[in-house]
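Using numbering that gives the first Met the number 0, you'd call the opening residue of the sequence shown number 0 and step up by one each time.
Backbone N, C-alpha and C define an ideal beta-carbon position, used for all residues, glycine too.
Note that the coordinates shown come from a computational prediction; the quantities given were computed from them, not determined experimentally.
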Amino acid sequence: MEYNTQRDKLRINDYGRNIYKLIEYTKTVEDRDKRNLMASVIVDIMSQIVPESKEMKDYKRKYWVHLMILAKWELDVDLPYDITPEETVEFSPHPIKYTQSKVAYRHYGTIMESMIKKVAEYPEGDERDELVRLMAHAMKRDYLLWNRDTVEDDIISLQLEKISGDRLHVPEDFEYLDYREYLKGTEDERRANGTRKKKKKKK
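Below, the structure written as structure tokens:
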């Protein structure tokens, strides 16, 4: 099981851990056009999670700044606005409204299920397919953190279809990564935490 104390601290909590994971995965995509597409879709999802008044001038600019802050300014994409690392956007905390509906699969969390349902409303095309790939990778990683003993790729795909109301399907050419790739970062964090604890004991 992965604990919050073992995870990277989120710079902006309102968007949740899954948005952070999608951004981290987007960093690894080599094709620049795909990175630009994924970044744009992530910004659209962020605007759904934390909606702002569309009457505000350049209201989407704030989400792009937040995207880069969450990415630690390490995401190489074509920004639609002139943004620099020295810039910050004022962000006011607000009460989080907890959903009363039941979550089909608790290990994925409510935000992931909300994203799947939102993407299911997108028109068919490359944009939706790329986001489905991102979510499938994130779902497998969450599943492995919940249960490392057994995980079947077909199960992840079926659960994605079920959550989306059978509107989303992983592309035919999509392949899940080896389970060790998803857990690599987690193992590094655990080793680092274990080293820190040993040093504290010696002191």
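Item to check | Residues of its chain near V76, where Cβ-Cβ distance is below 6 Å and the 5 sequence neighbours each way are ignored | outcome: R34, N35, A38
Checklist entry - Is it true that the region 129-149 meets the region 170-178, where meeting means three or more beta-carbon pairs spaced less than 8 Å apart? => result yes
Next on the checklist: On the criterion of 16 or more Cβ atoms from any shown chain inside 10 Å, does L159 qualify as buried, or is it exposed?
Outcome noted: buried
Item to check | Own chain partners of I44 with C-beta closer than 6 Å, once the 5 adjacent residues on each side are dropped | outcome: M114
Checklist entry - Using the C-alpha atoms, what's the distance from K56 back to D152? => result 44 Å
Checklist entry - Count the other CB atoms within 10 Å of the CB of W72; is the residue buried (16 or more) or exposed (fewer)? => result exposed
Next on the checklist: Here's a check: name, in chain order, each residue in its chain whose Cβ is nearer than 7 Å to the Cβ of W145, leaving out the five neighbours to either side.
Outcome noted: H106
Checklist entry - Is V28 helix, strand or coil when you go by DSSP? => result coil
Checklist entry - According to the Cβ coordinates, are A103 and K20 closer than 8 Å? => result no
Item to check | DSSP state of S163 mapped onto helix, strand, coil | outcome: coil
Checklist entry - Quick one: Cα of L182 to Cα of R60, how far? => result 34 Å
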